[in-house]
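Chains as they are written, first to last, in our numbering: chain A, 5 to 90; chain B, 29 to 740.
From the three backbone atoms N, C-alpha and C, an ideal C-beta is built for every residue, glycine too.
Remember, it's a predicted structure, so these values are computed and weren't measured experimentally.
What follows is a single structure, written as structure tokens, with notes after it.
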């Protein structure tokens, strides 16, 4: 498994940086995305994460409280964090 | 636009909102607490909250939220408007304005805990009165709703914002009843531009009691097809009944065009709900006739608000960076000079009479006037800060002052408006501290307990006249004179007129206050005021009547950049006399000039004698001065020193000139207000008529008045 660590501030610029990285890694195995240090996350990065979940074998995201909270507010808890939904 | 630019717009709008709220509260205090007024205050506070949330200024947002909640209760009639409440809200507004400054300057947020407690108490007082006839402990309004476990009684002094938000949010209370409505939000790619963040807005919805029912992720492509700048998500939120559509629309105000917001469920795209439970709720509320009615009534509200907005907007406006505007105005100034040069170049040739040249001049003048009007701002921008100042002064001095304002729509240049704040503050502090008496003394003098301060502004012959008048004790001339003698500012045997004594208070280091208070009395205030006004090219005069009051009158130019003037020739010098000062020009007839004593001449104009000033001496020009009889004199009006006749060789032209500061390029010169570039490229000095006349008259204080009396 390949692990990708998300930065603290997941704004649009961070999303633009992470996207090619994730796209390059996506392939045979599920991506492991370490989001435990995320303090802020915006729509752009949420979309990247969603996309990663929907691509190929999907992705497993470990969430920080901030990321979990953002997922809750945006109604994306299941789509992003549920193990089964991948 | 960078995120900083957007923030700056937000802060500029904060200032406007604060001013609007202040105006609204003032009319409430005057007894006009109708629905529209309260609504206006609410909207003002609300829009600050919206921006604060979007930019992540949490303390500001927290405070506005509490303030807003109270206002919303007032709006809905749950809390009655009372003078005490208006007072509380005014204080809250002051703290709010401190919060805004703190957010803008990135300094620590002000301590608002005491006021927050008061605001909550006021709101809960209303709650208790409205909701429960039986006495309910004000600290625990939630006692009868034990089912809602998020409600936490606020801990005095130390506030947990989240607990507070939950506690006072009407949403929390309404949740149990379940009458909710829905909204669909779909940000466009533009919503992510300029640091915009839809997630923050959704967070605000959640704070209002909103709940995400579904997030439409069907458009999200796989990683290889994903564009990080595109937006793929759409949300359906359910909002509590207590939250109005306006409240929600306000949140999205900032990204209005970059976000699709739908209120009508019929328009919603089909989305699979997150949970079956939520789906049930969709059906249930959709079928509920009560909630359908709700939708209709809520529907009407934005329509009405929209109409009101359209009416208020009237003309459309655009925000421009001031630096850009100044570049334009500079450019226009240079154009004026170039036009003058052109006119001069073709003078005497055939081309000088061509129609196009005249057209150019007319057009240029129009362009210039429009350019200058861009910079014009109503003086209300300064006047609006006065009520707060008076409240603070009332708190420190115990003197309550009623404020009357006239002519606040008078417009003048932005630079003048900005630099007016400091002298005005000094003058008002001075008026309250020294002018208006203590209550006991006022009663003794048969005056109303509350002092009155009148501010007025008006245009008068190309200048703006600002008057700050109090109904206090007036200037104690005896004491002022004694103090001045004591401080060695005047000699003990000086014979001064009332006006001269009054003007002593502008002398550096002068203060009559027996005790130096922290408001005024350090003796730095008034000379700074005069300096400030002088720097603006204005003058300040005093009108004081003992026992009745004092008025300070500031006369300021409307703009600091361009002015009309008369170009005159004095010996080998070309000078400009600002047209604002010129009354008339004439050639004295024999017999109209009378010599008085040592080198002093008076001109008889229709029975009135005014002194003649020879400009040759004043500017150190070579050549002998012309004779007054048969020469050219220009009668000028000066602030403070009355009229005088300036003797010159000839008048060459009358035109607009661009003022170039002499202070910044050289240094301050007495009697010279600045310089300008003439059509031929030469530099001409602009006369400081007031200073020149005052200095010339001061030079012969002993002879002139005596001579005048003899002449009379």
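Residue i burial status per 10 Å Cβ neighbour count (16 or more: buried)
i, result
"residue 18 of chain A", "buried"
"residue 574 of chain B", "exposed"
"residue 387 of chain B", "exposed"
"residue 701 of chain B", "buried"
"residue 554 of chain B", "buried"
"residue 260 of chain B", "buried"
"residue 350 of chain B", "exposed"
"residue 346 of chain B", "exposed"
"residue 726 of chain B", "exposed"
For residue i, the three-state DSSP class (helix, strand or coil)
i, result
"residue 615 of chain B", "coil"
"residue 86 of chain A", "coil"
"residue 248 of chain B", "coil"
"residue 370 of chain B", "helix"
"residue 427 of chain B", "coil"
"residue 420 of chain B", "helix"
"residue 656 of chain B", "coil"
"residue 260 of chain B", "coil"
"residue 269 of chain B", "coil"
"residue 278 of chain B", "helix"
"residue 226 of chain B", "helix"
"residue 347 of chain B", "coil"
"residue 140 of chain B", "coil"
"residue 104 of chain B", "coil"
"residue 498 of chain B", "strand"
"residue 75 of chain B", "helix"
Bounding residues of the beta strand (DSSP E) (the contiguous stretch that carries residue i)
i, result
"residue 486 of chain B", "479 to 488"
"residue 287 of chain B", "287 to 290"
"residue 685 of chain B", "678 to 686"
"residue 210 of chain B", "208 to 215"
"residue 779 of chain B", "No statement about residue 779 of chain B is possible, as the shown extent of chain B runs from 29 to 740 and does not include it."
"residue 375 of chain B", "Premise fails: residue 375 of chain B is in no beta strand (DSSP E) and is neither H nor E."
"residue 639 of chain B", "636 to 642"
Neighbourhood of residue i by C-beta distance below 6 Å, restricted to the same chain and skipping five residues each side
i, result
"residue 44 of chain A", "13"
"residue 643 of chain B", "598, 674, 676"
"residue 72 of chain B", "45, 48, 49"
"residue 23 of chain A", "52"
"residue 265 of chain B", "211, 233, 238, 240"
"residue 571 of chain B", "579"
Close Cβ partners of residue i (< 8 Å) along its chain, the five nearest in sequence each way excluded
i, result
"residue 711 of chain B", "703, 704, 705"
"residue 63 of chain B", "103"
"residue 68 of chain A", "39, 40, 41, 42, 43"
"residue 135 of chain B", "129"
Length of the line joining the Cα atoms of residue i and residue j
i, j, result
"residue 29 of chain A", "residue 251 of chain B", "10 Å"
"residue 450 of chain B", "residue 557 of chain B", "8 Å"
"residue 617 of chain B", "residue 631 of chain B", "10 Å"
"residue 496 of chain B", "residue 76 of chain A", "58 Å"
"residue 153 of chain B", "residue 146 of chain B", "10 Å"
"residue 744 of chain B", "residue 93 of chain B", "Here chain B comprises residues numbered 29 to 740, so residue 744 of chain B is not present and cannot be evaluated."
"residue 63 of chain A", "residue 84 of chain A", "9 Å"
"residue 520 of chain B", "residue 504 of chain B", "17 Å"
"residue 696 of chain B", "residue 716 of chain B", "11 Å"
"residue 424 of chain B", "residue 522 of chain B", "38 Å"
"residue 530 of chain B", "residue 538 of chain B", "12 Å"
"residue 219 of chain B", "residue 82 of chain B", "12 Å"
"residue 467 of chain B", "residue 76 of chain B", "39 Å"
"residue 604 of chain B", "residue 722 of chain B", "18 Å"
"residue 273 of chain B", "residue 291 of chain B", "8 Å"
"residue 428 of chain B", "residue 471 of chain B", "13 Å"
"residue 484 of chain B", "residue 456 of chain B", "13 Å"
"residue 244 of chain B", "residue 89 of chain B", "29 Å"
"residue 536 of chain B", "residue 525 of chain B", "20 Å"
"residue 426 of chain B", "residue 443 of chain B", "34 Å"
"residue 84 of chain B", "residue 148 of chain B", "23 Å"
Other residues of its chain near residue i: CB distance less than 7 Å, five sequence neighbours each side excluded
i, result
"residue 279 of chain B", "78, 229, 232, 233"
"residue 61 of chain B", "109"
"residue 583 of chain B", "491, 493, 566, 567, 667"
"residue 380 of chain B", "374"
"residue 118 of chain B", "53, 419"
"residue 55 of chain B", "65"
Start-to-end residues for the alpha helix (DSSP H) that takes in residue i
i, result
"residue 628 of chain B", "Per DSSP, residue 628 of chain B belongs to no alpha helix (DSSP H); it is in the beta strand (DSSP E), 628 to 633."
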